[in-house]
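Residue 1231 is where the sequence shown starts when you use this note's numbering, and the numbers rise one by one after that.
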Amino acid sequence: MTTHSSAPAVDQPRVLWFYGADAVGKSTIGWEAYTLLTQQPGQVAYVDTDYLSFCHPAPNNPAEVVADNLRAIWAVYHARGVNTLVVSGIVVTSEDRDLFTAAIPAAEFTFCRLTAAPETVRQRIVARREAEAATRGSELDAQTHAELTEYGQRSAEFAELLERFALEDFTLATDTVTPQILSAEAVDRFLTA
């Protein structure tokens, strides 16, 4: 699935893209991978696509907005010498993937789908909101807890859809391994692809 035909040139732009369902660790592992790549030769940047399509009213096709913003952001980074980009963000369909790769046409893309068991996803979704509530000195009420449980179920179903589409170059399960270990494995696979 990596979008290149031969070994990449030393200065060829490269993109390591982490995607998966909610609460699998995309942002955490993406940031850790970025941190590791800052220790390699060359310049590296990081972007979380969650922030590239927030607008009101919501766009009809958020992937198009993400791709347009990614193209613009890459132009700035690349003009300043960046040759490696780490991305955390949703990729749902092959059409989405094609939009994103077309946004940086000279780049070699590697897609890593992060996974977690449905129960892990549900627990993480609830734990996030419990932590947010605790910082405000409150607790989740029963209705919010029930809504989060439903959200966790939808996320687990979305993960099954992503599994069927199989758009990735490789997968990493995030249930029992630390983000540091997972990001090191992802970076190793990325650098040796």
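No residue lacks a Cβ here, since even glycine has one placed at the ideal position from N, Cα and C. These numbers come from a predicted model, not from an experiment.
Anticipated Cβ contact below 8 Å, residue i with residue j, distance rounded
i, j, result
"Phe1339", "Trp1261", "19 Å between Cβ atoms; not a contact."
"Leu1392", "Ala1251", "6 Å"
"Thr1345", "Ala1403", "5 Å"
"Arg1384", "Phe1400", "Wrong, their Cβ atoms sit about 25 Å apart, outside the cutoff."
"Glu1377", "Leu1329", "Not a contact, Cβ separation roughly 31 Å."
"Tyr1249", "Ala1275", "About 18 Å separates the two Cβ atoms, so there is no contact after all."
Spatial neighbours of residue i in its chain, beta-carbon cut-off 8 Å, leaving aside the 5 residues before and after
i, result
"Phe1395", "Val1322, Thr1323, Ser1324"
Close-in-space but distant-in-sequence residues of the same chain around residue i (CB under 7 Å, 5 per side omitted)
i, result
"Gly1272", "Asn1313, Thr1314"
"Pro1348", "Ala1386"
"Phe1388", "Ala1251"
"Leu1370", "Arg1359, Glu1360, Ala1363"
"Thr1408", "none"
"Arg1354", "Ala1253"
"Ser1368", "none"
Identity of the residue in the options nearest residue i by Cα
i, options, result
"Thr1268", "Val1316, Pro1348, Arg1343, Lys1256", "Val1316"
"Asn1299", "Tyr1281, Ile1355, Cys1342", "Tyr1281"
"Cys1342", "Gln1242, Asp1241, Pro1243, Leu1421", "Leu1421"
"Ser1318", "Thr1408, Ala1333, Thr1258, Val1295", "Thr1258"
"Thr1406", "Val1254, Thr1365, Ala1416, Thr1379", "Val1254"
"Ile1334", "Pro1409, Gly1311, Thr1350, Ala1297", "Ala1297"
"Ile1320", "Asp1278, Cys1285, His1375, Ser1368", "Asp1278"
"Arg1352", "Ala1336, His1308, Thr1331, His1375", "His1375"
"Gln1242", "Ala1336, Lys1256, Gly1311", "Ala1336"
"Pro1292", "Val1356, Arg1327, Leu1266", "Arg1327"
"Val1245", "Pro1287, Asn1290, Trp1304", "Trp1304"
Check: residue i C-beta below 6 Å from any heavy atom of the ligand HEM
i, result
"Gln1410", "In terms of ligand content, the structure shown is empty, and the ligand HEM therefore cannot be addressed."
Neighbourhood of residue i by C-beta, 6 Å cutoff - its chain only, sequence neighbours within 5 removed
i, result
"Ile1411", "none"
"Ser1235", "Any reading at Ser1235 must be qualified, since the residue scores a pLDDT of 39, below 50, and its modelled position is unreliable; the value itself is stated next. There are no such residues."
Residue i, buried or exposed, once every other Cβ within 10 Å from all chains shown has been counted against 16
i, result
"Gly1382", "buried"
"Arg1366", "exposed"
"Phe1284", "exposed"
"Thr1379", "exposed"
"Ala1332", "exposed"
"Ala1263", "buried"
"Arg1310", "exposed"
"Ala1416", "buried"
Within the stretch 1287–1341, note down every full beta strand (DSSP E) run reaching 3 residues or more, in order along the chain.
Within the stretch 1287–1341, the complete beta strand (DSSP E) segments of 3 residues or longer fall at 1312–1318, listed in chain order.
Note down, one range per segment and in chain order, each beta strand (DSSP E) of at least 3 residues found wholly within the stretch 1360–1412.
You should have 1400–1403.
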